[in-house]
Amino acid sequence: MAASSSFTKSLFVGLWNVLNFSRKLFFNVIFIGLLIIIIISISNSGDDEIKVPKGGAFVLKLNGALVIEKQHSDPFDEFASEAFGGNDMPREILVRNVVKALENAKQDKRIAALVLDLGRFSGGGLDKLRTVADAIEDFKTSEKPVIAMGDYYSQSQYYLAAHADKVYLNPEGGMLFDGYSRNRMYYKDAIEKLKVKTHVFKVGTFKSAIEPYLRNDMSDAAKEANEAWLSAYWTQYKTDVATARGIEMTDFDETVANFMPKFEAANGDLALYALQNGWVDELKTREAMRQEMFALVGESENGKGYKGITYDRYMKVINRPFPKKTKGDAIAVVVAKGTILDGTQSAGTIGGDSTSRLLRKARLDDNVKAVVLHVDSPGGSAFASEIIRQEVEELQLAGKPVVALMGTYAASGGYWISASADKIIASPSTITGSIGIFGMLMTYEESLAYLGVYTDGVQTTEFGYTSPSKTLPDSLGNLIQRSIERGYEKFITLVADNRNMTLEQVDSIAQGRVWIGSTALELGLVDQLGTMKEALAAAAELAELDNYEVTYIQRTLSPKELFIQELLNNTAVWLVETQIQQSTSPLIGMIRSVVRDIDGITRLNDPKATYALCLECKL
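In the working numbering, the protein residues as written are 537 to 1155.
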């Protein structure tokens, strides 16, 4: 028996040693391979020096979505993307980098024209689109022509294209405005069929973030609130585009009845409809567009296209290999993007600890005289939001004014972390407000009972509810509800104290209701409408600075990450996606929506399960 046991043990030990050796060998081979590629890349770097062709075009080819902060990605993933042809994967593009590129191209005497190639551009909030559009308009002051070329234009793509001097469309292409909508999936019946019990605790008539788990349709209150801000959002889009193109607001066909006569007049041709309606200037094939560019800027050295340089390559030319250190007075920019969660979170998500750490870093830097907190968040953990807000107050106590700049979203927790700022600046299209609190617990005692599984035990106090497999006692539910009510009182008191309003005034515009930036200004929730330019100017005025540098306080990368990033000089972040994520199937899209909804709830980690979150305000 003993001999058999010893043999079995030796067998498993031997197998483990073989597996462990194989694992180490596998990763060592990969490492050596990557090292060889790196060495080859370095040795050939001189042969691949990027040059800006004299008299060429700057091709603003945006492959991805505009963001104020990229999601964290492993630099080795980025390397694999570069090395193995992953550059066509959808990416995130920093707004400030696009603006920087346009500002440089405006002054660059080698650049003779700007081409907007937006075929793979997936958009961004109106605030981000407006910032890039303003940079395009500024570029036009150089009197260099701006040309937009495309086979099709989505609504977001056309927002930028409308600012070109000439907008060309493929004769077999088209474009159609579909406005903005807010649709969600509702799971009440599905949850009941699974015998899951949902316990909701909330304050706020319009706090509809948890409606999908309680209803099978959108409530009248949620419809009212959504219709209000969506209509305002759509009006801003139309106004901006109409101004850029010099057309009438009535040219936007919002009903089939208005659209069809024009469509029939164009013989059912979407491209001709766009031309006749004034959306584009000319219909041109791809080759005709190429020939026009040949005439404007000439042929490239390899003879395969017109002379020019793309956005990605131009960024590698103008970017410093290593960012310069701040020497004089500076205004620090701290980005708070994503859902607010407790603890330390990676870039693209706001962590109560990690974002506070960035603010603390700005506070302890003697060169930093003021801070711009750039918020792009629908909220999240109430506790984490408060931790971040407290750090904002510490900055102010240190004599460093804080300006909150609201991006696409600054709602619920996003407003919470902004409320104490010395000045709040929003985009006209910012989705903000949603001042309300909710908590939600799901218990599975009935689901488990259906399977014949039960939970039982003893406890020393009445507060010993520790498992979602047990029924939530009414007494504990009442306790949680009271805690939620206290959280709401704290929220509106916080707003009232910082906005010089009464509790009654705040309560009347709170209740979880969402407001657009321009309306928020009228209500007193923000101080001014503007962009990063106005936020920096406000911070400089508050800090009494005439001359200053702008520095971004970001998560410190490890030496490994820095080495890989700088070696590749890669400003793009490749988000690794599965086949299901890449699929364009409508069914897969619906499955993705369900997964996002569930993940959005399950990721929330407030220690008291109390949330200031506006799920319903996302486009």
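The C-beta atom is built at its ideal place from N, Cα and C for all residues, glycine as well.
- For S755 and V911, the gap between their C-alpha atoms comes out near 29 Å.
- By the C-beta density criterion, K738 is buried, having at least 16 other C-beta atoms within 10 angstroms.
- A direct Cα-Cα distance of roughly 26 Å separates S690 from C1150.
- In this structure, K820 lies near L705, with their beta-carbon atoms less than 9 Å apart.
- In the DSSP secondary-structure assignment, Y986 is not bridged to any residue.
- Taking the Cα of V792 as reference, the smallest distance to any Cα among D848, G715 and N719 is reached at G715.
- Secondary structure of R627 (DSSP, three-state): strand.
- At a cut-off of 4 residues, the continuous stretches assigned as alpha helix (DSSP H) that sit fully inside the stretch 752 to 788 are 756 to 781.
- The beta carbons of L630 and E605 sit closer together than 9 Å.
- Note: S913 is bridge-paired with A946 in the DSSP secondary-structure output.
- A contact between stretches requires three or more CB pairs, one per stretch, nearer than 8 Å, and the stretch 996 to 1005 fails this requirement with the stretch 755 to 772.
- Under the Cβ criterion (8 Å, minimum of three pairs), the stretch 950 to 958 counts as touching the stretch 919 to 928.
- The beta carbon of E673 sits closer than 7 Å to those of H699, all from its chain and outside the five residues before and after it, given in chain order.
- Only exposed fits R1018, as fewer than 16 other CB atoms lie within 10 angstroms of its CB.
- Cβ neighbours of A883 within its own chain (closer than 7 Å, five residues either side excluded): E605, K606, Q607, H608 and R1091.
- Assignment of P748 by DSSP, reduced to helix, strand and coil, places it in the helix class.
- For E1058, the three-state secondary structure derived from DSSP is helix.
- In this structure E1058 is exposed. Its beta-carbon is surrounded by fewer than 16 other beta-carbon atoms within 10 angstroms.
- Rounded to whole angstroms, T991 and L984 show a C-alpha spacing of 9 Å.
- With 16 or more other CB atoms across the displayed protein chains lying within 10 angstroms of its CB, T667 is buried.
- Here the alpha carbons of M711 and L806 stand approximately 6 Å from one another.
- By the 16-neighbour rule on beta-carbons within 10 angstroms, N599 is buried.
- For G972, the closest C-alpha among the options T1029, A648, R899 and T891 is that of T1029.
- V732 and L1008 have their C-alpha atoms some 12 Å from each other.
- By the C-beta density criterion, M825 is buried, having at least 16 other C-beta atoms within 10 angstroms.
- By a beta-carbon distance limit of 8 Å, S963 contacts G943. Their separation comes to about 7 Å.
- Considered as a whole, the stretch 917 to 983 harbours 918 to 933 and 949 to 952 as its complete alpha helix (DSSP H) runs of no fewer than 4 residues, in chain order.
- Inter-residue distance for A768 and T1055 is about 9 Å (C-alpha atoms, whole angstroms).
- Of the candidates A946, E982, G839 and R1022, the residue whose Cα lies closest to the Cα of I1052 is A946.
- By the C-beta criterion, the stretch 843 to 852 is judged not to be in contact with the stretch 892 to 912, since fewer than 3 inter-stretch pairs fall below 8 Å.
- I845 is positioned such that its CB atom lies closer than 9 Å to that of G592.
- Here the C-alpha atom of S678 lies approximately 8 Å from the C-alpha atom of Q643.
- In this structure, the beta-carbon distance from A1046 to G969 falls below 9 Å.
- Taking C-beta separations shorter than 6 Å and ignoring five residues to either side along the sequence, the partners of T891 in its chain run A872 and I924, following chain order.
- Taking 8 Å as the upper bound for CB-CB distance, M1068 and L941 are in contact here, some 6 Å apart.
- Taken through DSSP and simplified to helix, strand or coil, G1013 comes out as helix.
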